[in-house]
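Taken in order, the sequence shown gives residues 207 to 980; the numbers are from our numbering.
All remarks here apply to the structure that follows.
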Amino acid sequence: MMEDTPDVFYRADANGLLIFISGGIEDFLGISAAQVRGAAFSSLFTDPREHTEFVQDLLANDGFLPTYDITLKHRRGHNVWVSASAQMLIDAKGYVTGIQGTLRDGGQKRLKFAKLNAQNKNLKSRLALKDRALREKSEIIADLEERLNELQEKFRDFASTASNWYWETGIDHKFTWLSHSLQDSSLHDPMNALGKCRWDLAVEKNDKERWEVHIADHMAQQPFTNFEYEAQMPDGATKWISASGRPFFGKDGGFLGYRGAARDITQTKLDAQKIELRERQLREAVEATPDGFSIWDHEDRMVICNERYLDMYSTISDELKPGVPFQKIAALSALRGQYENDTDPAAWLHQRLENRRKSKGGYEQTLKDGRTLLISDTRTADGGIVSVRTDVTRLKMAENRVRDFAFISSDLFWETGPDHRYTYVSNELIDVTDFSPNNLLGRTRWEVALQEPGGERMWENHRKILNAHKPFREFTHAYMRKDGKKEYIRVNGMPAFDNSGAFLGYRGTATVVTGQVRAQRALVTACETAETANRAKSEFLANMSHELRTPLNAIIGFSTMLREEIIGPISNDKQKEYLSDILGSGEHLLEIINDILDVSAIEVDELKLEEEEIDIADTFDTVARMVELRARQNGVTIEKPKHFDAARLLGDRRRVQQILINLMTNAIKFTPEGGQIEMRVALEEDGALALSVRDTGIGMDSEGVKMALSKFGQVDSGLDRKNEGAGLGLPLVKGLVELHGGTMDIESSPNVGTTIRAHFPQQRVVPTTSENMR
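See the structure below:
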């Protein structure tokens with residue numbers, strides 16, 4: 207019977223030498239049992255270390271291994287995978303006398319089991335013949351019985367250690383015998399299974415048709431192999447069983463039942479379910495990918511691809527199936543015009559396969575329909591390829607748009623990394639600056655720039671801005687071209703960050719501004735020169751005015767004494783008239799000189815205010831009295847404010863009076879006879895105090911206002927020629943008002959009149975108890 211079983215039975219002594227091995231070993235390893243008997247069990251192993259591990263695991267498991275995978279050597283040199291079982295043999299004294307077990311080839315199991323049944327049947331026939339022959343020889347019969355009992359004992363031992371368990375049914379297909387290994391495997395309780403059919407122990411599922419076929423085979427007394435079913439366990443759990451069986455018959459050919467083997471395949475089923483789940487998850491993940499995705503095995507045959515991939519390659523989608531070689535797909539792509547390609551299809555195919563062989567990723571493909579794909583091929587550990595196709599058509603369009611703008615833009619483009627070193631510069635920037643890429647890429651701005659004297663602080667502040675990751679505009683610095691010319695460039699930059707907020711560097715524009723910088727510097731130099739000349743002029747006029755004032759005071763004093771006849775009478779009226787003219791001219795000239803001195807002092811910042819609280823009402827009365835005679839002589843009336851409400855101003859009393867006198871004098875001078883002049887004071891919304899003079903004179907247009915505000919400017923009018931002046935009145939007023947921190951504005955219309963307001967800031971206004979001022 208051991209020769210007929212699909213398993214190979216073996217027994218080794220305490221020294222590891224095989225003292226028995228069944229004939230099935232020849233099917234396993236290509237050598238006969240006779241050749242193996244007496245050899246070391248370890249010699250069957252491919253690697254002696256594996257035999258050592260086998261023995262160690264046997265010891266660690268209390269001398270019993272129900273199943274253990276090992277690799278044995280075939281006579282022809284290849285390896286044979288075997289599922290082994292082992293059990294230590296221990297005598298009555300507790301000594302290990304050897305090991306015994308089974309070896310099973312999963313691939314040959316059914317064939318061996320069928321052979322076992324046939325041989326078992328043949329054995330029974332031969333035993334019957336021998337039984338008749340040996341009836342006359344009781345001693346021989348007794349010996350045969352003893353040997354048979356020994357053989358059966360061995361079979362039971364081997365069956366108890368086999369990974370399969372064995373069964374037998376009667377003619378009614380109910381179990382009549384089950385091997386002890388069944389009980390050890392916790393599959394069925396033999397007492398519970400005996401007397402029941404296999405389908406009585408099965409879990410009801412939606413597979414009735416399959417069970418009907420299986421039962422029909424039994425009724426037809428047909429053999430069956432690897433019939434899988436789910437059985438109910440004693441503890442309520444279910445397990446998957448794979449059973450194989452053959453019918454056996456009596457001497458008369460009558461059907462007696464089935465004999466066979468079964469094994470637990472629950473773990474295999476669970477593993478298959480896990481694989482199926484993972485494959486389904488993989489498929490769902492692949493389909494959820496927005497890019498075209500495909501996987502190819504180590505022979506470059508397609509394993510899987512998603513719908514997005516099929517959509518991208520619509521002209522060859524009918525061929526994109528698992529198992530198709532990539533070379534075929536590439537050839538069809540070239541022949542069917544999948545790509546926008548002007549080269550020879552054979553040359554294109556050669557280059558495409560070469561890129562594929564190198565797993566060259568990160569390149570672009572342009573399809574016939576105009577779409578652009580970014581190709582990324584990644585080689586896997588087992589030699590396969592994961593291929594991703596990303597549609598970058600919009601990105602390419604945006605990139606081309608930016609390039610077009612960059613081409614026509616006067617600005618140049620650049621980019622730096624987190625260390626502020628250039629990582630990209632546009633070709634235009636290289637052309638304009640006369641730098642090569644090596645002179646810019648990998649270097650910082652200050653390493654490229656020309657360091658000018660006194661520019662240390664400028665660069666220090668610039669680096670602080672960069673390190674703080676802040677935007678900057680119009681940072682201008684010098685650089686030296688290769689031809690030795692000094693140029694200037696103006697840079698704008700914005701910091702760039704990734705989605706997590708990590709700083710990536712700067713992106714920005716640059717403009718060559720050499721001409722602007724030079725023009726600006728020339729303008730500054732010209733302004734400084736003009737300012738110096740203006741100051742020199744003012745200082746000259748001030749010095750000359752001082753020089754003129756001394757003799758002029760003498761002229762005014764002596765002419766006054768002569769006119770008043772202090773030193774004696776003047777009998778000639780003509781002389782008195784001349785003396786009056788001399789006195790008037792001297793006083794007029796003194797006024798001009800005083801104005802020149804004040805304007806010059808303001809320009810050189812030498813005029814100092816003597817501040818005090820000023821009563822505005824008293825100031826207006828004083829000024830009105832001083833100009834009243836001149837107003838009457840010109841036939842002009844003056845109207846003063848009716849209410850001042852004790853308004854007071856913090857300022858220089860003499861300079862405030864001077865402001866009002868100049869404004870009133872101008873108003874009288876440019877107002878024709880019969881005209882009117884109004885003096886006003888008003889507290890404005892922002893708390894400032896406005897002193898104004900309005901006349902009904904000839905007025906001015908905008909050009910006239912500009913002329914009146916310029917130094918020594920004269921408004922060309924027939925009236926103003928009656929009272930010639932130096933043209934310093936309004937510039938002096940404006941300077942004095944600004945010296946108080948205020949402003950002056952003019953409203954004027956030709957033939958309507960002029961209003962001039964002097965606004966003094968809120969901090970110079972002394973608070974009052976009433977707001978009723980006009």
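Note that the Cβ used here is the ideal one computed from N, Cα and C, for glycine as well.
Given a threshold of 16 other Cβ atoms within 10 Å of its Cβ, counted over all protein chains shown, does residue i qualify as buried or as exposed?
i	result
R281	exposed
R980	Because R980 carries a pLDDT of 42, less than 50, the predicted location of this residue cannot be relied on, and the following value inherits that uncertainty. Exposed, because fewer than 16 other Cβ atoms sit within 10 Å of the Cβ of R980.
Y786	Reading off the sequence, residue 786 comes out as Ser, not Tyr. Exposed.
I865	buried
K445	buried
N432	exposed
I481	exposed
N606	exposed
D704	exposed
N872	buried
A220	exposed
A298	exposed
P956	exposed
P453	buried
I820	buried
K875	buried
D213	buried
I773	exposed
Have a look at the options and flag the residue whose alpha-carbon is nearest the alpha-carbon of residue i.
i	options	result
R595	E482, Q571, W383 and I227	Q571
A674	G763, R724, Y712 and K692	Y712
W371	I377, A449, I522 and A491	A449
L265	H284, R243 and V302	V302
A437	K676, L407 and F454	L407
A292	L278, L271 and G283	L271
L235	L278, I591, G307 and L488	L278
L555	L710, Y569 and S539	S539
I305	D297, R217 and A888	R217
V911	I952, G857, D892 and T521	I952
S520	I510, W502 and Y545	Y545
G726	V409, V214, Y694 and Q473	For clarity, residue 726 is Gln in the given sequence; the question names Gly instead. Residue Y694 is the option with its Cα nearest to Q726.
Taking the C-alpha atoms as reference points, what is the distance between residue i and residue j?
i	j	result
T682	W620	15 Å
E374	T495	55 Å
P937	L915	5 Å
W405	I421	8 Å
E890	Y685	54 Å
I510	M425	45 Å
R486	R514	17 Å
D275	A443	27 Å
K670	V723	24 Å
Q781	L729	57 Å
R489	R507	17 Å
N645	R687	11 Å
T825	Q863	6 Å
M767	E783	14 Å
G881	I822	25 Å
Kindly list the residues whose CB is nearer than 6 Å to the CB of residue i, restricted to its own chain and excluding five residues on each side of it in sequence; keep chain order.
i	result
M950	K940, V943 and A964
G576	none
G647	What sits at residue 647 in the sequence shown is Leu, not Gly. Taken in chain order, the residues that qualify are Y628.
E1026	Shown here, the chain extends from 207 to 980; a query on residue 1026 therefore has no answer.
F226	R217
Across which residues does DSSP place residue i in a beta bridge pair?
i	result
G711	A702
Y464	P453
E436	W446
W383	E374
E817	D858
N987	There is simply no residue 987 to check, as the chain begins at 207 and stops at 980 in what is shown.
R469	S448
S593	S500 and D583
V899	M885 and I962
T682	R696
G307	Y216 and A292
Excluding the five sequence neighbours on either side, which residues of its own chain have a C-beta within less than 8 Å of the C-beta of residue i, listed in chain order?
i	result
I296	G269, V302 and T303
For residue i, I'd like the list of residues in its chain whose CB is within less than 7 Å of its CB, leaving aside the five on either flank, ordered along the chain.
i	result
D524	none
G244	L223 and L224
G948	A964, H965, F966 and P967
Less than 8 Å between the CB of residue i and some heavy atom of the ligand NAD, yes or no?
i	result
N872	This structure does not include the ligand NAD; it has no bound ligands of any sort.
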